[in-house]
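Right, one structure below, let's go through it.
In my numbering, the protein residues as written are 14 to 225.
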């Protein structure tokens, strides 16, 4: 069985597009999207100390923002035949793995979003330590955009399909050189490339099994 992990925010769900208007309306803060940042504090030019009290709870639990995030706009990619073919083929198990807080409301809304926006998946997991989880769960490939998650994944020997974003441009081209026990990554700019990269990792997975 070949297990694939897929991040949610800014990989399949357009977190910034969905969240920034809510913050602007609720708190009168103006986003600066030219910052090309991942954190809300950076986008709005505030420090964690300046962040409105209980902002995340109000957004995620009271307003249930995660339920209504738009999908990343790319030719309605979640319904393409390529994704259906990958997700429904026997060798693959598909896990959505998110660092969102495991609050019951957030978990419910995350699951609801995935059910409404994807053609197939096996489970949804909430963990901030994706590398540890992937290693324990036997995940071979993770689709991810955040460098703070990508580097530990590679360190644990998990291959990564890096979803190209402005905030991950500083990722080293080959962080582990020739260390054979580490993961490697392929940077992609769209979902067709992501599927091709996943299939390439799957081919390598099969080859390594044949050689053992």
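A virtual CB, placed ideally from N, CA and C, is assigned to each residue, including glycine.
Apply the 10 Å Cβ neighbour rule to residue i and answer buried if 16 or more other Cβ atoms are within range, or exposed otherwise.
| i | result |
| --- | --- |
| residue 111 | buried |
| residue 18 | buried |
| residue 92 | The predicted position of residue 92 is uncertain, since its pLDDT is 48 and thus under 50; a value taken from the coordinates is nonetheless stated next. Burial call: exposed. |
| residue 81 | exposed |
| residue 151 | exposed |
| residue 145 | exposed |
| residue 147 | buried |
| residue 207 | buried |
Between the options, which has its C-alpha nearest residue i's C-alpha?
| i | options | result |
| --- | --- | --- |
| residue 177 | 76, 159, 216 and 194 | 159 |
| residue 170 | 21, 182, 109 and 155 | 155 |
| residue 125 | 142, 143, 164 and 83 | 83 |
| residue 28 | 56, 42 and 203 | 56 |
Give me the Cβ distance between residue i and residue j, rounded to the nearest whole Å; I'm assuming they're in contact under 8 angstroms.
| i | j | result |
| --- | --- | --- |
| residue 107 | residue 133 | 6 angstroms |
| residue 105 | residue 214 | Going by Cβ atoms, the distance from residue 105 to residue 214 rounds to 11 angstroms, so no, they are not a contact pair. |
| residue 118 | residue 74 | 5 angstroms |
Do residue i and residue j have their CB atoms nearer than 9 angstroms?
| i | j | result |
| --- | --- | --- |
| residue 45 | residue 31 | no |
| residue 167 | residue 197 | yes |
| residue 85 | residue 174 | no |
| residue 65 | residue 40 | yes |
| residue 161 | residue 21 | no |
| residue 77 | residue 135 | no |
| residue 37 | residue 179 | no |
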